[in-house]
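Novice:
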Amino acid sequence: MFDVKTVIAIVLSGLMCQHQALASTDSSKHFDQSSGLYYHHDIHRLFSDIKESDKIFTSRNSLFKPYVVTEDSEIKDLFSRRAKGEDVPSQKGELEFSSSKYTWINASSILTFLFRNYVSDNKPFSVPFVASTDPDRSSRAFDLHYDVANLCSGMGYFESNLKNICVINNRHDYGLVEINYNKDIGLFSSKNRIKLLPENGIKESLSHKLFLTFASLIGVYSNHNHESFKNPLSTFDYHIISNNNFVTDKVKFSDIQKSCDYDSYSSCHFKFVGVNTEALLAPGKNTKPRADFYKTDRFSIHFTKSGAPKLNLRNSILSGSSFINHGFYNQAELELFKDIGYDINTKDFFGTSIYNSGTPEHRGNYKITKSFTASNGEVRPFNQDKASIVPLSTGTHIYGSYNDVIQSAIIASQGFSSIGIRIEGSRNTLLIPKTTSVVENGESSSGIAVTYGRDNSIDIRGDVEANGKDGIALNFDFGSNVLSDLKEYRGSYKRVRTYDYIMRNLPKEQAEAYDTPNIIRGPLVAALNISGKVTGKKYSIYIDDSAHVRDINLTDKARVVGDIVSNWNYYVSPDGKSLYSKPYDVKLLAGKLQFDSVYGENLNIPSFVKKLSTNINLGIKKKNKVKEFSSDNLVSDSKSHIQIAGNIIGKTINLLSYGGLSDIEGSINVNRLYIKDSSVFIHPEAGAKPSVVDVLDLSRGGQLDLTDGGSQTFIVKDKATISSNSVICIDADKNGSLLDAIKFDGTLYAPDGVVNFEPGISYNDIKRYSSDPKALLDFMNNFVRQANGMLSKYNAYTKFPKHIWYTQGEMGRTVNCSPRGCYIGDFINTYSNASKPLPMWRYILSFVGCILLLGFSVVLIRKTGSGRFG
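The numbering of the sequence shown is my numbering, which starts it at 26 and goes up by one.
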């Protein structure tokens with residue numbers, strides 16, 4: 026077993042060796058020193074094949090060593106010595122800190138890394154833990170505190186020893202942590218490592234309780250009773266002001282304001298003051314903010330009944346929120362640790378954080394030019410030659426609302442469960458320019474994650490990548506509530522309190538439609554625009570059942586690598602008056618969707634349902650390039666070429682193609698497929714499940730192309746509407762037998778009963794048929810015969826094909842047939858282009874050409890006399 030010094034030495038040695046290896050290569054031609062930007066093709070040079078993060082962040086030698094106490098006598102003795110005046114828990118819980126439990130190992134290792142400047146010897150801080158299930162208790166830390174006469178007045182023994190101020194040699198003599206949980210709900214301990222976006226589900230999160238109580242242990246606590254602050258003030262208390270005056274032990278709460286209640290944010294006006302937090306919360310340039318922080322650059326606090334301070338910092342670990350979806354401290358909380366005296370490097374975990382908000386009239390404007398890579402400390406924050414290896418890190422954090430953010434600098438990380446850009450405000454816009462790459466290649470990491478809020482917009486023109494194990498390039502997910510989804514879960518349009526219903530504290534109608542804040546009464550993302558490249562190992566785009574994404578616009582040259590999956594769902598109540606979202610667990614109540622008050626109580630459900638789908642729009646462009654993407658600023662783009670290498674799955678997804686050519690290397694399972702004046706190629710892997718759509722709309726000029734040389738099945742479950750000026754291209758063998766199958770399980774509507782089928786065969790077969798018109802005629806006759814056999818059960822038929830298609834590429838040839846045979850003609854790229862009538866200028870040009878040719882012939886005949894030679 027290595028001690029802490031040995032582990033640190035090994036890690037530092039490894040970091041130095043890798044840095045030297047990277048420094049030995051010439052990067053000057055790849056890296057622009059003035060702008061701090063890497064070119065797309067070069068960014069992967071920053072990544073190491075060595076799993077250094079595993080060396081650091083799964084170490085069992087930590088600065089903090091928790092151990093569980095279960096004997097009644099020992100528990101009673103600990104509380105009598107270290108939690109004077111506190112009752113012993115009456116109901117013991119179960120807690121295991123073994124080498125097989127990753128939660129405590131991972132939490133302890135991460136905290137050791139964060140507080141690595143305090144590793145002065147190889148002795149860990151041994152902290153006893155007690156588990157309780159008393160319903161009237163909470164998770165908290167206890168400690169003895171120095172009195173007024175001491176240098177460390179107001180500090181806890183653990184805090185002063187960690188800061189190396191008033192040192193007690195025996196590190197077993199102070200500190201006590203109580204982990205309290207609801208025994209009916211249970212405690213979630215991760216089988217793997219802690220994740221930044223929690224996944225504890227209906228259980229309470231152990232890691233959250235560890236981080237929460239640790240903060241209290243190191244000084245985030247207050248010395249006060251229900252009437253006033255007490256002497257000596259704690260380190261945290263010295264940073265509290267009320268009405269611009271620092272609090273003292275001589276001022277009672279009632280002196281501050283008659284209605285002052287210590288557990289209220291507003292009545293006492295308590296705020297935390299600190300140099301580092303004020304610098305973080307200060308508004309950006311050219312910004313007129315409306316956030317809670319801007320007037321004083323501080324955040325409000327209140328206290329729980331046990332005296333623990335809570336920050337008015339939505340959804341964060343140290344907040345008083347009823348819904349918390351952070352698996353680790355955010356930057357504001359880390360800056361608070363610095364303000365109470367700790368020498369830690371927040372740049373290990375965060376690049377840029379935007380906490381302030383603009384307004385609809387005066388939006389915040391931010392251009393991020395500092396890259397997030399490996400941290401080099403506070404003086405020179407980031408090492409441009411290496412990707413970050415720190416887990417639970419965030420390159421850019423957009424916490425506020427009404428902000429316009431341009432990510433001009435790269436983000437390169439391979440830390441476990443890290444996020445390149447995290448958005449959890451509302452009505453923000455994020456632009457990833459062509460020159461920018463966001464690469465999160467750590468295991469279970471996300472390139473961009475939107476985890477809270479509404480009506481955000483994202484425009485990706487550069488690259489976003491998450492190619493590590495279980496990586497998600499674009500992740501739209503509220504995550505779990507660390508307090509338990511049973512107690513409260515949230516998502517787009519919903520806030521549900523199942524446990525209150527179970528305990529009969531709330532009627533079902535109120536529990537499933539608890540007052541939803543305005544910040545989530547809309548789609549999590551209003552518009553996702555992609556013209557660059559998006560790559561994800563597990564998913565390229567993932568939409569959780571908690572999140573609604575309204576429009577995904579794929580424009581020319583967009584490339585999406587990885588599956589697109591949406592679990593978002595909704596259904597209409599039996600009385601037809603409400604909309605609900607089905608929960609992911611049968612133990613949870615369904616969530617009644619709640620919308621902006623402007624819609625009133627009586628929604629037009631049939632029309633409103635359409636607004637709850639996710640539309641993937643293919644082959645579009647802006648009508649006015651200056652304006653943003655919107656329904657009234659979109660037109661079809663006949664030159665568009667889009668590539669999707671992955672499956673598209675989602676029962677609330679509408680796949681809508683308006684122009685150009687879109688190539689899908691996978692199968693689809695969506696609500697609706699609409700194709701007009703464009704081509705959609707679907708090429709699943711061999712043996713893949715059938716492609717399934719509920720509704721198929723093939724409009725004028727629409728081409729559904731299934732040709733890839735193999736066989737596949739395409740199923741329309743509900744309704745198919747097919748224009749006689751559209752086509753379905755299917756594979757055939759060299760004799761004209763059909764390889765693909767089309768099934769219409771519902772109704773088929775086709776004018777005059779015409780459904781145009783056209784064959785796709787290999788390059789060699791087309792080459793062979795080009796020299797054998799009779800054989801091609803036989804092939805076409807057999808193809809039409811079999812196609813009509815397939816369509817006969819639906820009272821439809823196909824006309825004789827006008828084209829034949831290559832299975833190896835997105836091209837075809839015209840075919841002209843007569844009783845003598847069929848002849849292969851010109852190349853075409855899409856059916857819509859081939860079926861469009863020729864423009865008038867082509868007729869005029871041909872007519873003028875004929876006249877010129879006739880005139881030239883007359884002149885030539887006159888010059889040659891009779892027209893004969895000689």
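The C-beta atom is built at its ideal place from N, Cα and C for all residues, glycine as well.
Would you decide whether Arg-218 is buried or exposed? Buried here means 16 or more other CB atoms lie within 10 Å of its CB.
Specialist: buried
Novice: Distance, Cα to Cα, Asp-488 vs Asn-301?
Specialist: 33 Å
Novice: Return the Cβ separation of Asp-429 and Asn-390 in integer angstroms, given the expectation that the two are a contact with Cβ distance under 8 Å.
Specialist: 5 Å
Novice: DSSP puts Leu-499 in a beta bridge; with which residues?
Specialist: Ile-473 and Ile-566
Novice: Should the segment 157–167 be regarded as contacting the segment 198–205, the criterion being three or more beta carbon pairs within less than 8 Å?
Specialist: yes
Novice: Starting from Thr-9, follow the alpha helix (DSSP H) in both directions and report where the run begins and ends.
Specialist: Given that the chain is displayed from residue 26 to residue 895, the structure contains no residue 9 and the question cannot be resolved.
Novice: According to the neighbour-count rule (16 or more other Cβ atoms, all chains shown, within 10 Å of its Cβ), is Ser-632 buried or exposed?
Specialist: exposed
Novice: Given Tyr-514, which residues of its chain have a CB within under 7 Å of its CB, disregarding the five upstream and five downstream residues?
Specialist: Asn-506, Val-521 and Leu-613
Novice: Three-state secondary structure (DSSP) at Tyr-63?
Specialist: Bear in mind that the predicted position of Tyr-63 carries a pLDDT of just 47, short of 50, making it unreliable; the figure below should be weighed with that in mind. The answer is strand: DSSP assigns Tyr-63 an E or B state.
Novice: Out of Gly-420, Asn-807, Phe-852 and Thr-746, which has the shortest C-alpha to C-alpha gap to Ala-821?
Specialist: Thr-746
Novice: What number of angstroms, rounded off, separates the C-alpha of Tyr-354 from the C-alpha of Ser-341?
Specialist: 7 Å
Novice: For Asn-453, which residues from the same chain have a beta carbon less than 6 Å from its beta carbon, with the 5 sequence-adjacent residues on both sides left out?
Specialist: Non-local beta-carbon contacts of Asn-453 in its own chain, meaning distances under 6 Å to residues more than five positions away in sequence, involve Ile-423, Asn-428 and Asn-481 in chain order.
Novice: What did DSSP end up calling Asn-280 once you bin it into helix, strand or coil?
Specialist: Note that residue 280 is Asp in the sequence shown, not Asn. Helix.
Novice: Grab me the residues of Lys-335's own chain with a C-beta within less than 8 Å of its C-beta, minus the 5 sequence neighbours each way, in chain order.
Specialist: Ile-326, His-327, Phe-328, Thr-329, Leu-343, Ser-344 and Gly-345
Novice: Are the CB atoms of Leu-237 and Asp-168 nearer to each other than 8 Å?
Specialist: no
Novice: What's the C-alpha gap between Arg-584 and Val-559?
Specialist: Distance between the alpha carbons of Arg-584 and Val-559 is about 6 Å.
Novice: Taking Gly-846 and Thr-839 to be in contact with their CB atoms under 8 Å, please state how far apart those CB atoms are, rounded to whole angstroms.
Specialist: 15 Å between Cβ atoms; not a contact.
Novice: Can you find a C-beta in chain B that's less than 8 Å from the C-beta of Ile-266?
Specialist: You won't find chain B in this structure, because it holds only one protein chain.
Novice: Assuming the contact rule is C-beta atoms closer than 8 Å, Ser-214 and Leu-231 should be a hit. Round their C-beta distance to whole Å, please.
Specialist: 5 Å
Novice: Confirm, please, whether the CB-CB distance from Tyr-380 to Leu-305 is below 8 Å.
Specialist: yes
Novice: What does the Cβ neighbour count give for Thr-772, buried or exposed, with the cut at 16 atoms within 10 Å?
Specialist: Residue environment analysis places Thr-772 among the exposed positions, since fewer than 16 neighbouring C-beta atoms fall within 10 angstroms of its C-beta.
Novice: So Asp-576 and Asn-640 are in contact, right, with Cβ under 8 Å, and what is the actual spacing, rounded?
Specialist: 5 Å
Novice: Mind checking Ile-265: buried by the 16 CB within 10 Å criterion, or exposed?
Specialist: buried
Novice: Looking only at DSSP bridge pairs, what is Thr-419 linked to?
Specialist: According to DSSP, Thr-419 bridges with Phe-375 and Ile-444.
Novice: With the cut-off set at 8 Å, would you say Asn-270 and Ser-259 are in Cβ contact?
Specialist: no
Novice: Compare the beta carbon distance of Gly-726 and Ser-857 with 8 Å and say whether it is the shorter of the two.
Specialist: yes
Novice: Please classify Cys-847: does DSSP put it in a helix, a strand, or coil?
Specialist: strand
Novice: From Tyr-477 to Ser-749, what distance separates their C-alpha atoms?
Specialist: 46 Å
Novice: In chain order, what residues of the same chain lie with their CB nearer than 8 Å to the CB of Leu-927, ignoring the 5 residues before and after it?
Specialist: Coverage of the chain is limited to positions 26 through 895, which leaves residue 927 absent and any answer about it impossible.
Novice: Could you give the C-beta distance for Phe-374 and Thr-419, rounded to a whole number, given that I count them as a contact under 8 Å?
Specialist: 7 Å
Novice: Which same chain residues, not among the five before or five after Ala-766, have their C-beta less than 6 Å away from its C-beta?
Specialist: Thr-738
Novice: Work out the CA separation of Asp-112 and Val-93 for me, nearest whole Å.
Specialist: 18 Å
Novice: Tell me whether Lys-519 is buried or exposed, calling it buried when 16 or more other Cβ atoms sit within 10 Å of its Cβ.
Specialist: buried
Novice: Buried or exposed for Gly-895, going by 16 or more other Cβ atoms inside 10 Å?
Specialist: Reliability of the predicted coordinates at Gly-895 is poor, the pLDDT of 41 falling under 50, and the value obtained from them is presented with this limitation in mind. By the 10 Å Cβ count, Gly-895 comes out exposed.
Novice: Only counting the same chain, and skipping five residues up and downstream in sequence, which positions put a Cβ closer than 7 Å to that of Val-404?
Specialist: Legend: pLDDT at Val-404 = 40, less than 50; position of this residue unreliable, value from coordinates given subsequently. Counting only Cβ-Cβ distances below 7 Å, and skipping sequence neighbours, we find nothing.
Novice: Report back the beta-carbon spacing between Phe-297 and Ser-267 to the nearest angstrom; my notes put them in contact at under 8 Å.
Specialist: Contact flag wrong, Cβ pair sits at about 11 Å.
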